[in-house]
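K.L.:
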Amino acid sequence: MSILAGVPGEVGNVTVVHRRRSFPSTVAVLVSTVALGSTLGLSGCVSSDDEPDRTAPVESTVDGVAVKLLDAGTSPTDPLAWFADDGEQSGKFSVTWGYGQEVIGGDEQGTADGAAPYSELSANLPYTASATTDGDQLESTMTIGTPEGSNEALDDDENGELNDDIATAEGFRMVQKYSDDGKVNNRSFASPENASDSARAAIENNLGQMTSLPLVFPEEAVGEGARWTVTGQIEDSAAGTPMRQTVTYTIASRNGSQVNLDVDIERTPTVKQMAGTDLEVMDSTTESTGSLTLDLRRPLPVSGSVKTTTEITYGQPESPVTVVQESRTTSTWSSDGEQAEN
Numbered sequence: 003m004s005i006l007a008g009v010p011g012e013v014g015n016v017t018v019v020h021r022r023r024s025f026p027s028t029v030a031v032l033v034s035t036v037a038l039g040s041t042l043g044l045s046g047c048v049s050s051d052d053e054p055d056r057t058a059p060v061e062s063t064v065d066g067v068a069v070k071l072l073d074a075g076t077s078p079t080d081p082l083a084w085f086a087d088d089g090e091q092s093g094k095f096s097v098t099w100g101y102g103q104e105v106i107g108g109d110e111q112g113t114a115d116g117a118a119p120y121s122e123l124s125a126n127l128p129y130t131a132s133a134t135t136d137g138d139q140l141e142s143t144m145t146i147g148t149p150e151g152s153n154e155a156l157d158d159d160e161n162g163e164l165n166d167d168i169a170t171a172e173g174f175r176m177v178q179k180y181s182d183d184g185k186v187n188n189r190s191f192a193s194p195e196n197a198s199d200s201a202r203a204a205i206e207n208n209l210g211q212m213t214s215l216p217l218v219f220p221e222e223a224v225g226e227g228a229r230w231t232v233t234g235q236i237e238d239s240a241a242g243t244p245m246r247q248t249v250t251y252t253i254a255s256r257n258g259s260q261v262n263l264d265v266d267i268e269r270t271p272t273v274k275q276m277a278g279t280d281l282e283v284m285d286s287t288t289e290s291t292g293s294l295t296l297d298l299r300r301p302l303p304v305s306g307s308v309k310t311t312t313e314i315t316y317g318q319p320e321s322p323v324t325v326v327q328e329s330r331t332t333s334t335w336s337s338d339g340e341q342a343e344n
């Protein structure tokens with residue numbers, strides 16, 4: 003399910019999707035049909051005296067990743083590994099999604115009909131998180147506080163209603179089980195029983211943006227300057243396009259359990275055509291910038307931001323008409339006391 007509804011039409015004898023603004027009423031409800039179905043399928047109830055009533059945990063699909071060491075860096079070198087202590091982490095995860103579409107070539111009316119001016123949605127998710135281990139694998143628990151959001155397509159009153167709605171998801175919980183290299187083998191979600199369906203979907207999708215950046219380490223010992231890639235499949239939720247993603251991590255510095263990483267991301271569509279049209283993928287580019295600070299005792303980055311801009315050009319070999327879709331994402335982590343910047 004894309005952030006924009008598509009209606010087929012003709013521009014310069016080429017079928018395109020005339021994108022109409024139909025942003026969802028809840029911020030960042032940019033979920034696929036599968037994700038929405040699993041969200042609506044949450045059932046059952048679990049609770050304790052100090053916790054809100056929650057639906058029974060529902061497992062989410064975890065895609066595998068491939069890790070490749072490019073450079074071990076300089077000495078001294080040591081393996082990177084996640085571990086757990088009794089501490090609790092608290093902070094905020096902020097996410098921004100943006101999308102725009104431009105039709106180049108064809109007649110003036112067709113170009114106007116096919117365009118979708120760039121617009122953004124954003125969300126802020128305060129959280130507490132902790133990690134435990136049984137000696138074999140680790141388990142992290144992330145609990146969402148009162149979420150907030152905004153949608154550029156809505157006025158102040160509508161954004162107020164939006165925030166009232168997503169606030170019903172306070173207490174949403176994500177649990178992940180993973181090995182000490184960071185590879186997740188199980189992920190589940192549990193929503194407050196009284197959360198609206200749209201709020202559940204919004205939070206799950208925003209957490210999907212977080213987990214689309216796998217913090218996985220190579221098995222080899224590494225030092226400052228080490229570089230490795232983590233490759234896997236993701237869904238570009240802003241554009242509604244499946245992507246092959248390669249993340250390149252570089253160790254900028256390390257001091258004990260604190261590791262500073264530079265992050266570079268490359269994304270390539272895994273489809274050959276724009277959904278619902280006869281337009282082929284002609285070209286794609288990704289620009290990114292980012293850095294993260296990790297505390298290996300804590301399950302989430304303690305600070306940092308990663309931004310991506312992906313452009314996909316669709317067209318046909320013998321046609322002058324092209325459709326250029328631009329999607330942007332910004333993911334920002336901050337600890338309590340720090341200011342999150344989108």
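The opening position of the sequence shown corresponds to residue 3 in the numbering used here, with each subsequent residue numbered one higher.
Where a beta carbon is used, it is the ideal one built from N, C-alpha and C, also for glycine.
The structure presented is a predicted model; accordingly, all values stated were derived computationally and were not measured.
(1) Nearest by alpha-carbon distance to Leu2: which of Thr272, Asp280, Val224 is it?
(2) Taking Ser2 as the reference, give the member of Asp80, Leu71, Leu281, Ala203 with the closest Cα.
(3) Measure the beta-carbon distance from Pro216 to Thr243 and round it to whole angstroms, keeping in mind my assumption that it falls under 8 Å.
(4) Give me, in chain order, the residues of the same chain whose beta-carbon lies closer than 7 Å to that of Glu282; leave out the 5 immediate sequence neighbours on both sides.
(5) Tell me which residues share the same chain as Ile267 and place their Cβ nearer than 6 Å to its Cβ, disregarding the 5 neighbours each side in the sequence.
(6) Just curious, the alpha helix (DSSP H) that Arg299 is in, first and last residue?
(7) Could you please give me the residues that DSSP links to Tyr349 through a beta bridge?
(8) Look at Val218 and Gly258 and say whether their C-beta atoms are less than 8 Å apart.
(9) Return the first residue and the last residue of the beta strand (DSSP E) that Leu209 is part of.
(10) Between which two residues does the alpha helix (DSSP H) harbouring Glu53 extend?
(11) What number of angstroms, rounded off, separates the C-alpha of Glu53 from the C-alpha of Ile205?
(12) Sorted by chain position, which residues of the same chain lie with C-beta nearer than 6 Å to Val186's C-beta, five sequence neighbours on each side aside?
(13) Can you list, in chain order, the residues of its chain whose CB lies under 6 Å from that of Gly227, leaving out five sequence neighbours each side?
(14) Would you give the residue range spanned by the alpha helix (DSSP H) that Asn165 belongs to?
(15) In terms of alpha-carbon separation, which member of Gly151, Ile146, Ala171, Ala83 lies closest to Glu222?
(16) Hey, would you say Arg175 sits closer than 8 Å to Met144, going by beta carbons?
(17) How long is the line joining the alpha carbons of Leu140 and Glu320, rounded to whole angstroms?
(18) To the nearest angstrom, how far is the alpha carbon of Gly100 from that of Val326?
(19) Where Arg330 and Thr312 are concerned, what is the direct C-alpha to C-alpha distance, given to the nearest angstrom?
P.N.:
To lay it out plainly:
(1) With the chain running from 3 to 344 in the structure shown, residue 2 is simply not present.
(2) A question about residue 2 goes unanswered here, because the residues of the chain that appear run from 3 up to 344.
(3) The Cβ separation is near 19 Å, so there is no contact.
(4) Lys274, Gln275, Tyr316, Gly317, Gln318
(5) Val249, Ser290, Thr310
(6) Premise fails: Arg299 is in no alpha helix (DSSP H) and is neither H nor E.
(7) The first residue shown for the chain is 3 and the last is 344, placing residue 349 beyond what the model contains.
(8) no
(9) Here Leu209 belongs to no beta strand (DSSP E); instead the alpha helix (DSSP H) covers 199-213.
(10) Where Glu53 is concerned, there is no enclosing alpha helix (DSSP H), although the beta strand (DSSP E) it sits in stretches over 53-56.
(11) 18 Å
(12) Val64, Gln178, Tyr180
(13) Gly75, Thr76
(14) 158-168
(15) Ala83
(16) yes
(17) 54 Å
(18) 14 Å
(19) 6 Å
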